[in-house]
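Enquirer: Here it is, the structure, as structure tokens.
6 protein chains.
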Amino acid sequence: MKIRVIEPVISKTLEGTSLEELSPIARPDTELSAVSLDAGPASIESTYEAALAAPHVVAKIVEAQKDGVDAVISNCMDDPGVEAAREWVSIPVIGPAETSMHIATMLGHRFSIIGVLEADERPFQDHARKAGLEDRLASVRAINIPVLELEDRTKAVRALVEQSVKAVQEDGAHVIIFGCTGMAGMAQDVENGLREQGITDVPVIDPAKLAFKIAEALADMGLSHSKRTYPTPPEKEIVGY
Amino acid sequence: MKIRVIEPVISKTLEGTSLEELSPIARPDTELSAVSLDAGPASIESTYEAALAAPHVVAKIVEAQKDGVDAVISNCMDDPGVEAAREWVSIPVIGPAETSMHIATMLGHRFSIIGVLEADERPFQDHARKAGLEDRLASVRAINIPVLELEDRTKAVRALVEQSVKAVQEDGAHVIIFGCTGMAGMAQDVENGLREQGITDVPVIDPAKLAFKIAEALADMGLSHSKRTYPTPPEKEIVGY
Amino acid sequence: MKIRVIEPVISKTLEGTSLEELSPIARPDTELSAVSLDAGPASIESTYEAALAAPHVVAKIVEAQKDGVDAVISNCMDDPGVEAAREWVSIPVIGPAETSMHIATMLGHRFSIIGVLEADERPFQDHARKAGLEDRLASVRAINIPVLELEDRTKAVRALVEQSVKAVQEDGAHVIIFGCTGMAGMAQDVENGLREQGITDVPVIDPAKLAFKIAEALADMGLSHSKRTYPTPPEKEIVGY
Amino acid sequence: MKIRVIEPVISKTLEGTSLEELSPIARPDTELSAVSLDAGPASIESTYEAALAAPHVVAKIVEAQKDGVDAVISNCMDDPGVEAAREWVSIPVIGPAETSMHIATMLGHRFSIIGVLEADERPFQDHARKAGLEDRLASVRAINIPVLELEDRTKAVRALVEQSVKAVQEDGAHVIIFGCTGMAGMAQDVENGLREQGITDVPVIDPAKLAFKIAEALADMGLSHSKRTYPTPPEKEIVGY
Amino acid sequence: MKIRVIEPVISKTLEGTSLEELSPIARPDTELSAVSLDAGPASIESTYEAALAAPHVVAKIVEAQKDGVDAVISNCMDDPGVEAAREWVSIPVIGPAETSMHIATMLGHRFSIIGVLEADERPFQDHARKAGLEDRLASVRAINIPVLELEDRTKAVRALVEQSVKAVQEDGAHVIIFGCTGMAGMAQDVENGLREQGITDVPVIDPAKLAFKIAEALADMGLSHSKRTYPTPPEKEIVGY
Amino acid sequence: MKIRVIEPVISKTLEGTSLEELSPIARPDTELSAVSLDAGPASIESTYEAALAAPHVVAKIVEAQKDGVDAVISNCMDDPGVEAAREWVSIPVIGPAETSMHIATMLGHRFSIIGVLEADERPFQDHARKAGLEDRLASVRAINIPVLELEDRTKAVRALVEQSVKAVQEDGAHVIIFGCTGMAGMAQDVENGLREQGITDVPVIDPAKLAFKIAEALADMGLSHSKRTYPTPPEKEIVGY
């Protein structure tokens, strides 16, 4: 089975990160690839940047289907281009935000999302509303570290633990979701940090990993999006893409 | 006061149509302008095409603010680029879908949206959900005439009347909203058509006109979007725009 | 165009206040009038007082339509008599509470209402629920100054700023709505007060002004309430009115 | 225990009807009384008429408390004056609409309300929304017989059975609620009518009777409304009441 | 009229407690009985224990109907076996949780439930969700006293007052509901305790008593659950019961 | 990785069916087992039968954890015992109903569930409500074939196709979910049947298979339920289990 991670940014570094983080949990027969965009933003921290990425994410997903890929992930917690791409392909297109909110609802009473910037609140609330899960969203909190500085993992984990503790103790969260796929691979460390603060009963969802495993599961079943929900757009003149 | 209509498509024709339809209802001191996009789709009939338009809509709205415009409309019932643009400007950015759903809720019990294609159902449902108005949306119906063929007004009005009657009689609609700003100027004819079928008590909302009047009203009051909801994105590298 | 403000109280003073506050933002061709009630309460601070006002508000609105008025406002944040009046007239009947909640939802993520008394909580929650916007209502706060003492504007503005700051910082409000139309004309001062406290990104809605501008906009479009939602009541014996 | 039924209309006939219908199901120690209004409408078939009744309902409820009554019912399916009256008294004030929707939700999956006129749809939807039960309301249907003609019981029952069958078979209702307290005493006949059509599994709620029994139950427990929700209005000048 | 309280636990003590607490508020002609289970848990403080009780609750309710009982209560705030039992009998089966949430919504703006253990949060949230009342549930709080230690009434009342005060002051509750039927008979003492803290406007619901009075009221009316919602299960092989 | 399917019925036949249907889609390193109950019902077609099964499902799940199993499924579309079991174990406990509703929401606009009997409507509505997805549930339909007669696959598939077509054409379903895990293995045939009727754009979810794949995915990630949501019950006396 072929799974491809679309990094919805121009940085090539993320391709390596995804392969590194996801390979250890891949099924033995999963062939994993990752591609960044040819055009778009360096990182996504606003609806504007998600909008810049979306057309190019769709192009990469169309290409993936042509390459025989069985399922793709748009690897950002704003799910950029996910709905648009579903209109063009028949393979599953997984959005980490949508996926982690649904699975979090299955795992616990209420979840908090710990994102990078305070500006994340509206988009995450809107994602929750679209999914019907707004009353399960305990809070959106921010570590106030930009995406491109997440590579200082020690600092990022420390801030994630700090905000996760507040989410649990002040906002009533029973599940934590990372608000950025750039936090991939930090869940174990954050769970450890929570345990040091006496919180041993709250799962931490790494959306990049979860989206990948759900992509595998759907591909395995031959299950994909409803083309009645996402019909193919009519052909027409397009300029600039 | 300066109001600018952003036509989120590459066709220049729509600029003239908007000026023609909106000028008669403009305030005496309103200076109205309309601009199409330099790049993007010929028309918007899918989430994909809305995604193609969005980055270029934002650019035109940023330009409008620089030109001293007091309020802008992204003139399409998918509200393309509206939220992204609000992040970059401080003037009101009006989306016809959002606006007409809220005003329709004030005018009647439940509303139906009569769009161009059946594919409109999911995006309109999602817009309603984001607005909190999903239980006010009686139905989404389609006239099955592509946007670019709406210029045959007789045919379009006939189809709009037919679907509106069904929306009222079968779906329980108390208000009709046009599902495409390309239907601008047809409301009076559709109301006449409804009257011929004995339906005299259902208002028909022309979202292009309504969005324009709400833009005027907000600009008049100096009222705009919350920058706490739509904070300015951080500066970063962007390729291809 | 003729717009009439119905002051749903017996005090004649409010007529002058409305004319003074609204005239500066009226369109050049808007003919503005204001009338108080012949019978009813001195001010509205409870559901009981709104109930006392409602029959007389309807009478004044029926009279307005006979006078050729194009749109009316029931100028109180409990929207007294609004739905009942819509049953008798075909012109738009605007309620400031309903209007400001819908527009606030368009302007920002969540709004708080700053009312006069703590007793406002239930009625505002119920208005939000009826509008489908209860999860957008961050909080209802009170300045604890009765309506008839709002004329001490310095005191009122200071209290409004104090509660607005709390609404933003403690309740997560992104937009502020005044909870009483007697606060008309204070929005600029409250925004200034917020700015002094470092809050520069939160719009303040003056519902009296907003309702007036929306009345103008709807009248301009010839758009009014659905008579299918608000059918004319059958004739019957009525005693005491 | 003393229970008083407030007939929110000027007709004195209803007093007798209520005593006749409710006495057979009253507790042995319940002292039942009924009073009509001194001013108001002959019947309530619109929000307007409910508004005319409300101030006078409140007066009768205040009087009831002074008379040592333990609980009152505002005997109309629009619950006129119920919330306003709760602000002035400490005894339970029961609204048949609110009560029957909550109990119906306990008894079955979804309920339909069979009212007198089509105009009932919006007010019942709004009552359901305020109660949080809008997705339990399968439909609102009308028998198209005015309140004052319900005395032709054979005709009324026949029409109620006809609409109830449709509510069950077409709208998926599992419980039927009468939409007018003027239908008091017809539930058994309607259940018989349903049985003749093969529908044996759908309870029919007579809101006048249910409201009365719930009034008894609350009075028995000494349980009443929250004065934190319904605080006493401040004293002020009132003209015309 | 015969009402039977099913104690969904193996302890026989509760039978006496129920008779003692409920008899004083019973109607003169009510014949009250109480039965515990033959098998099941000693108390219910988890979904697991409610699951253990449910099959045996159903058996006792089937037996009650055979004994000519007119209505039954499953006397625990998790409503164990209530829906399953409704499938087998035609008499009303009352759940204290469902009942008290609906009545609390009628009595005030928002309610808090004060339960025994923190583990109660999810089940009460789920009960509220099923009832459609989740946005009326201000909070779930715990006194951290196990059910079987509630017999120390002084301690229990003190803890209930403490948590009720917090529910009112910090969570915005307007009505308090006891989260355990083992707290039966403590409402008056808790209201007294609240009054000592200056809170005089918040009713306290004793779910055991309320469920009993609602059972009487429904039995009096001959009103029961919809068998369309709760159809009789098909006969089949069952092992172990 | 070890996955165990708990068949919540006494029939041993289902163990074989599950192994046969799930093995082909199992990961190469998945060790699959299936166990039926020692006591309980022959099949589950009511809330009553789900209640009979629940205690024994919990016992089997506790046993599974002791056996080193990594994730379990309670293999019935009423998710019997799922929440109770989560209180006792730390491994993921998957409910097919909860899982398939969440994944269906990710795959399409609205889903219908095609169950065995009409009695399924309430429980599925309640499951949807608990998940927050009630407005995504287009309809619940029944094939009117008891669980134990599903072995006539030709008849079952024909009935499933018939109801699925109606769900799509009359109820607006974009995704179909089987309402019984006894329908495992029929999805491909139903999709073929839909295709013959011209419906090529609607995915069909086989909940037994989906639950199994999600169990694998969660076990792979070491992700399980929140013990803050599902805390371990206190020890106490239990009789009869």
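If you read the sequences in order, they're chains H, Y, P, U, V and B.
The numbering used here puts the first residue of the first sequence at -5, with every later residue one more than the last.
The numbering used here puts the first residue of the second sequence at -5, with every later residue one more than the last.
The numbering used here puts the first residue of the third sequence at -5, with every later residue one more than the last.
The numbering used here puts the first residue of the fourth sequence at -5, with every later residue one more than the last.
The numbering used here puts the first residue of the fifth sequence at -5, with every later residue one more than the last.
The numbering used here puts the first residue of the sixth sequence at -5, with every later residue one more than the last.
Backbone N, C-alpha and C define an ideal beta-carbon position, used for all residues, glycine too.
Under 7 Å between beta-carbons, which chain Y residues line up against R116/U? List them in chain order, please.
Expert: Here residue 116/U is taken as the residue at index 122 of the fourth sequence, counted from 1. Correct list: H103.
Enquirer: Tell me G109/B's beta-bridge partners as DSSP assigns them.
Expert: Position 115 of the sixth sequence, counted from the start, is the residue given in the question as residue 109/B. G109/B is bridged to A136/B.
Enquirer: Just to make sure I have the definition right: I need the residues of chain U whose C-beta is within less than 8 Å of the C-beta of D120/P. Which are they?
Expert: Along the third sequence, one-based indexing puts residue 120/P at 126. The contacting residues are K124.
Enquirer: Using a Cβ-Cβ cutoff of less than 6 Å, which residues in the same chain neighbour R(-2)/P once the five nearest sequence positions on both sides are dropped?
Expert: Residue mapping note: residue -2/P aligns to position 4 of the third sequence, counting from 1. Closer than 6 Å at Cβ, skipping near neighbours: S27, A58, V63, V66.
Enquirer: Counting only Cβ pairs nearer than 7 Å, list the residues of chain H close to D242/P.
Expert: Nothing about residue 242/P can be reported from this structure: the residues present for chain P run from -5 to 235 only.
Enquirer: Does DSSP put S84/Y in a helix, in a strand, or in coil?
Expert: Residue mapping note: residue 84/Y aligns to position 90 of the second sequence, counting from 1. Note: S84/Y maps to coil in three-state DSSP.
Enquirer: Taking 7 Å as the cut-off, is the beta-carbon of E210/P closer than that to any non-hydrogen atom of the ligand NAP?
Expert: This structure does not include the ligand NAP; it has no bound ligands of any sort.
Enquirer: Would you decide whether K207/B is buried or exposed? Buried here means 16 or more other CB atoms lie within 10 Å of its CB.
Expert: Numbered from its first residue, the sixth sequence carries residue 207/B at position 213. Label assigned to K207/B: buried.
Enquirer: Using beta-carbon positions only, say whether A209/B and I107/B come within less than 8 Å of one another.
Expert: Counting from one through the sixth sequence, the residue named residue 209/B turns up at place 215. Counting from one through the sixth sequence, the residue named residue 107/B turns up at place 113. Contact flag unset, no.
Enquirer: Quick one: is H50/H near chain B, going by C-beta distance under 8 Å?
Expert: Against the first sequence, residue 50/H aligns to sequence position 56. Not closer than 8 Å to any Cβ of chain B, the Cβ of H50/H fails to qualify, so no.
Enquirer: Might you give, ordered along the chain, the residues of its own chain that have their beta carbon closer than 6 Å to the beta carbon of K54/U, omitting 5 neighbours on each side?
Expert: For the purposes of this step, residue 54/U is taken as residue 60 along the fourth sequence, with counting starting at 1. So the qualifying residues of the chain are I0, V29.
Enquirer: Give every residue of the same chain whose Cβ lies closer than 7 Å to the Cβ of D72/U, excluding the five residues on either side of it in the sequence, and list them in chain order.
Expert: To locate residue 72/U, count along the fourth sequence from 1; it is residue 78. So the qualifying residues of the chain are I38, A44, A91, P117.
Enquirer: At 9 Å on the CB atoms, spell out the chain Y contacts of I4/H, in chain order.
Expert: Here residue 4/H refers to the residue found at position 10 when the first sequence is read from its first residue. What I4/H touches in chain Y: E231, I232, V233, G234.
Enquirer: Is P227/H close to chain Y? Criterion is C-beta to C-beta, closer than 8 Å.
Expert: As a working mapping, residue 227/H is identified with position 233 in the first sequence. Yes, P227/H counts as interfacial toward chain Y.
Enquirer: Here's the rule: buried if 16 or more other CB atoms are within 10 angstroms of the residue's CB, otherwise exposed. What is N186/Y?
Expert: Numbered from 1 along the second sequence, position 192 holds the residue referred to as residue 186/Y. Flag for N186/Y reads exposed.
Enquirer: Answer yes or no: does any C-beta atom of chain P fall closer than 8 Å to that of L144/U?
Expert: Start at 1 with the first residue of the fourth sequence, and residue 144/U comes out as number 150. Chain P, which has no Cβ nearer than 8 Å to the Cβ of L144/U, makes this no.
Enquirer: What does S17/H touch in chain B if you count any residue whose Cβ is under 9 Å from its own?
Expert: To locate residue 17/H, count along the first sequence from 1; it is residue 23. Here the premise fails: no neighbours, minimum Cβ distance about 13 Å.
Enquirer: Below 8 Å between beta carbons: does that hold for V56/V and S68/V?
Expert: Counted from its first residue, the fifth sequence places residue 56/V at position 62. Counted from its first residue, the fifth sequence places residue 68/V at position 74. Not in contact: V56/V and S68/V (Cβ atoms no closer than 8 Å).
Enquirer: Mind checking whether T93/V and P201/V have CB atoms under 8 Å apart?
Expert: On the fifth sequence, residue 93/V is found 99 positions in, with the first residue counted as 1. On the fifth sequence, residue 201/V is found 207 positions in, with the first residue counted as 1. The answer is yes: Cβ separation under 8 Å.
Enquirer: In whole angstroms, give me the CA-to-CA distance for I171/V and L8/V.
Expert: Counting from 1 along the fifth sequence, the entry for residue 171/V is found at position 177. Counting from 1 along the fifth sequence, the entry for residue 8/V is found at position 14. Approximately 20 Å between the Cα atoms of the pair.
Enquirer: Are the CB atoms of P18/H and D23/B nearer to each other than 8 Å?
Expert: On the first sequence, position 24 is the one that residue 18/H refers to. On the sixth sequence, position 29 is the one that residue 23/B refers to. Result no, Cβ atoms of P18/H and D23/B do not sit closer than 8 Å.
Enquirer: What residues in the region 202 to 219 of chain V bring their beta carbon closer than 8 Å to a beta carbon of chain U?
Expert: So the list reads K203, L204, K207, I208, E210, A211, L212, D214, M215, L217, S218, H219, given in the order they occur along the chain.
Enquirer: 8 Å is my cut-off, CB to CB: does E1/Y come that close to chain H?
Expert: Reading the second sequence from its first residue, position 7 is the one you call residue 1/Y. Judged by the 8 Å Cβ criterion, E1/Y is not in contact with chain H.
Enquirer: Smallest Cα separation from V159/V: which of E143/V, E145/V, T194/V, M180/V?
Expert: As a first step, residue 159/V is located in the fifth sequence; it is residue number 165 there, counting from the start. Selected option, being the one with the closest Cα: T194/V.
Enquirer: Check whether the region 124 to 134 of chain V and the region 135 to 151 of chain P are in contact - that is, three or more C-beta pairs closer than 8 Å.
Expert: No, they do not touch.
Enquirer: What would DSSP say about I232/Y, mapped onto helix, strand or coil?
Expert: Position 238 of the second sequence, counting from 1, holds the residue named residue 232/Y. Of the three classes helix, strand and coil, the one that applies to I232/Y here is strand, per DSSP.
Enquirer: Give me the chain Y residues within the contact set of E39/P, using Cβ-Cβ distance strictly less than 9 Å, ordered along the chain.
Expert: Residue mapping note: residue 39/P aligns to position 45 of the third sequence, counting from 1. The contacting residues do not exist; E39/P stays about 25 Å from chain Y at best.
Enquirer: Distance, Cα to Cα, E190/U vs E112/B?
Expert: Position 196 of the fourth sequence, counted from the first residue, corresponds to residue 190/U. Position 118 of the sixth sequence, counted from the first residue, corresponds to residue 112/B. So the two alpha carbons sit approximately 22 Å from each other.
Enquirer: For D61/B, count neighbouring Cβ atoms within 10 angstroms of its own Cβ and tell me buried if that reaches 16, exposed if not.
Expert: Numbered from its first residue, the sixth sequence carries residue 61/B at position 67. The residue is exposed, with fewer than 16 neighbouring Cβ atoms inside 10 Å.
Enquirer: Helix, strand or coil for K(-4)/H per DSSP?
Expert: Locating residue -4/H in the first sequence gives position 2, where the first residue counts as 1. Here K(-4)/H sits in strand by DSSP.
Enquirer: From P228/B to A205/B, what does the alpha carbon distance come to, in whole angstroms?
Expert: Translated into the one-based positions of the sixth sequence, residue 228/B becomes position 234. Translated into the one-based positions of the sixth sequence, residue 205/B becomes position 211. Taking the straight line joining both Cα atoms gives about 30 Å.
Enquirer: Given that a residue counts as buried once 16 or more other Cβ atoms are within 10 Å of its Cβ, and exposed if not, what is K203/Y?
Expert: The residue labelled residue 203/Y in the question sits at position 209 within the second sequence. So K203/Y counts as buried.
Enquirer: Applying a beta-carbon distance threshold of less than 8 Å, which residues of chain P neighbour A153/U?
Expert: Numbered from its first residue, the fourth sequence carries residue 153/U at position 159. Those within 8 Å of A153/U in chain P number zero; the least Cβ separation is about 17 Å.
Enquirer: Within the same chain, show all residues whose beta-carbon is closer than 8 Å to that of A243/V, passing over the 5 residues directly before and after it, in chain order.
Expert: This structure does not reach residue 243/V, given that chain V is present from -5 up to 235, and the question cannot be answered.
Enquirer: According to DSSP, simplified to helix, strand and coil, what is P117/H?
Expert: Along the first sequence, read from residue 1 onward, the residue named residue 117/H stands at position 123. Helix, per DSSP.
Enquirer: Using a Cβ cut-off of 7 Å, pull out every chain H residue sitting near R21/B, in sequence order please.
Expert: Sequence index remark: in the sixth sequence, residue 21/B carries index 27 (1-based). Here the neighbours are R21.
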